[in-house]
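Read in order, the letters of the sequence shown are residues 0 to 449 in numbering that gives the first Met the number 0.
All C-beta atoms in this analysis are idealised placements derived from N, C-alpha and C, irrespective of residue type, glycine included.
Encoded as structure tokens, the structure appears first; notes follow it.
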Amino acid sequence: MTSGISKSIDEFTSAVAEHELHTVELAVPDTQGHLRGKRIPAKRFVDGVHASGANIADAMFVFDMQNDLPDNEFVNMDTGYLDAHLVPDNSTGRVLTHRPGYGLVFADAVNEHGQPHPLAPRSVLAAQIERCQAAGLDPVVATELEFYLCTPEWEPVQQHIQYSSLTDGLALETCLHAMREALLGAGIEVEGSNAEYGPGQIEINAGPADAMTAADNTVLFKSIVKQVAVQHGMRATFMPKPFADQSGSGMHVHTSLQADGSNAFASCDHGAPNELMRHWMGGLLEHAQSMTLLGAPTSNGPKRIRPYTFAPTHVTWGLDNRTVLARCIAESGSAANRVEFRSAGADANPYLIIAAILAAGIDGIENQRDPGMLCEGDMYGNPGDHAALPTSLADAIAAFSGSPLAAKLGDVFSRSYVSIAQAEVALAAENNPEVDDVNDWERQRFMEHC
Ligand code: GLU
Ligand code: MG
């Protein structure tokens, strides 16, 4: 198991013996990006469950962040909250070294007809990966996550900011080291960690992978970071804007495309993206406004989209410029060339935002969309006539509902997703109607579960 991920049940069975695993977590990500599933004795898993699977209530695909069940036209009392069947994806086995004895395998959910469940985020992403592969392009994805380390009372562990300091905050390093080790143990390639531009805010970078592995890694990353924080007497939150006057936490998504085994964006010329990269970016910008809902699915997320926060506010692209939406790394002949999409918050469901990016990008390639002029300088102060991104959940819903992107992601999924978001709008109107303020109701709702 050189990569840290067992690629077959035989490999995973060996890992169970080698690491003396007693329990396997069969994990399925829900619509909020939370891992749910069943804990199964390891012997039972390797003897049979890896093939037979397990069941889980399909209600998990229409939960809000607090497990309430907003009205939903597809999953409700009349449909009886059916069981979804979980089919283990035995090419995803991990060892959870921060909880000795435990391993984890991701599962796909199928509906009562044996088809991929239309509301399961893994199904939504798989469909978009297939679309790219049908065009001969294999997406490579990395997500970049920020989070706040907090006390058990959800206050930041520090009051000051020391961006990327190697001197300050050493008291936190024991915990951060344990996080990096736990991520490596679970097969997530850690590139590095640093203090971010917020009090107690941290960023840990993970390496690129194929799109499904990157999404699996991202939900597992969040779960591991939260669990290791608790093991060290702290809490971690991926709430996108926990404190109104401090930096938000983003999930930047980097994409490139492999064609015939090499990066199809490699042939850029001194910062000038090649044609394929231009079209890919053209697609991302074309659908950027409707994509906002996938990147900011609650009333809190859009509060991060504000000027001079390093979160983008307009539909722009540029080179090494942290004020644009799509930052393009386009060195001459570099295999590392990619597009960084910067609008999603750290609470975004990685399967869904990656699916949206792939759907938008491949549309750009198929329709030869052009991203327009390179944006240079301060895109907060001088956005010109570039379109603004939605800054409230209601606006994000309006941009997504009925959009071409919603159709690409699937009508059933998109309608269900919108109804969950509409319930969030109604709750926020009751509990925090302020568009910029972050109040205690919001923190209680999102700190722990984002
Ligand atoms: N914290 C910023 C955000 O919310 C991103 C900062 C950065 O460029 O890494 O998007
Ligand atoms: Mg950052």
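Reference Gln127, options Phe146, Pro198 and Ala214, closest by Cα: Ala214
For Asp410, three-class secondary structure by DSSP: helix
Classification of Asp362 by the beta-carbon crowding that lies within 10 angstroms, buried from 16 upward: buried
Any non-hydrogen atom of ligand 2 closer than 7 Å to Glu195 Cβ: yes
Boundaries of the alpha helix (DSSP H) in which Ala511 is found, first to last residue: It is not possible to answer for residue 511, since the shown part of the chain is limited to 0 through 449.
Nearest-angstrom Cβ-Cβ length linking Gly317 and Glu375, presumed shorter than 8 Å: 6 Å
N- and C-terminal bounds of the beta strand (DSSP E) containing Gly191: Val189 to Ala194
Where the alpha helix (DSSP H) containing Gln257 begins and where it ends: Premise fails: Gln257 lies in the beta strand (DSSP E), Met250 to Ala258, not in any alpha helix (DSSP H).
Counted within 10 angstroms of its Cβ, other Cβ atoms place Ala87 as buried (16 or more) or exposed: Note that residue 87 is Pro in the sequence shown, not Ala. Buried, since its Cβ has 16 or more Cβ neighbours within 10 Å.
Contact test: Glu24 Cβ vs ligand 2 heavy atom, cutoff 7 Å: no
Status (buried if at least 16 other CB within 10 Å, exposed otherwise) for Phe172: Position check: residue 172 holds Glu in this sequence, whereas Phe was assumed. Exposed, by the Cβ-count rule.
DSSP-derived helix/strand/coil call for Leu318: coil
Cutoff 8 Å: Ser246 Cβ touching any chain D Cβ: Absent from the structure is chain D; it holds one protein chain and no more.
Asn204, enclosing beta strand (DSSP E) - first and last residue: Gln200 to Ala205
Contact test: Ala310 Cβ vs ligand 1 heavy atom, cutoff 7 Å: yes
Between the CA atoms of Arg341 and Asp319 - distance to the nearest angstrom: 12 Å
DSSP state of Phe146 mapped onto helix, strand, coil: strand
Presumed contact (8 Å Cβ cut-off) between Phe237 and Phe105, rounded CB distance: Contact flag wrong, Cβ pair sits at about 19 Å.
Glu145: CB within 7 Å of a non-hydrogen atom of ligand 4: Ligand 4 is absent from the structure shown, which contains only ligand 1 and ligand 2.
Range covered by the alpha helix (DSSP H) that runs through Leu81: Segment: none, Leu81 is in no alpha helix (DSSP H) and carries neither H nor E.
CB of Leu388 within 8 Å of CB of Pro306, strictly: no
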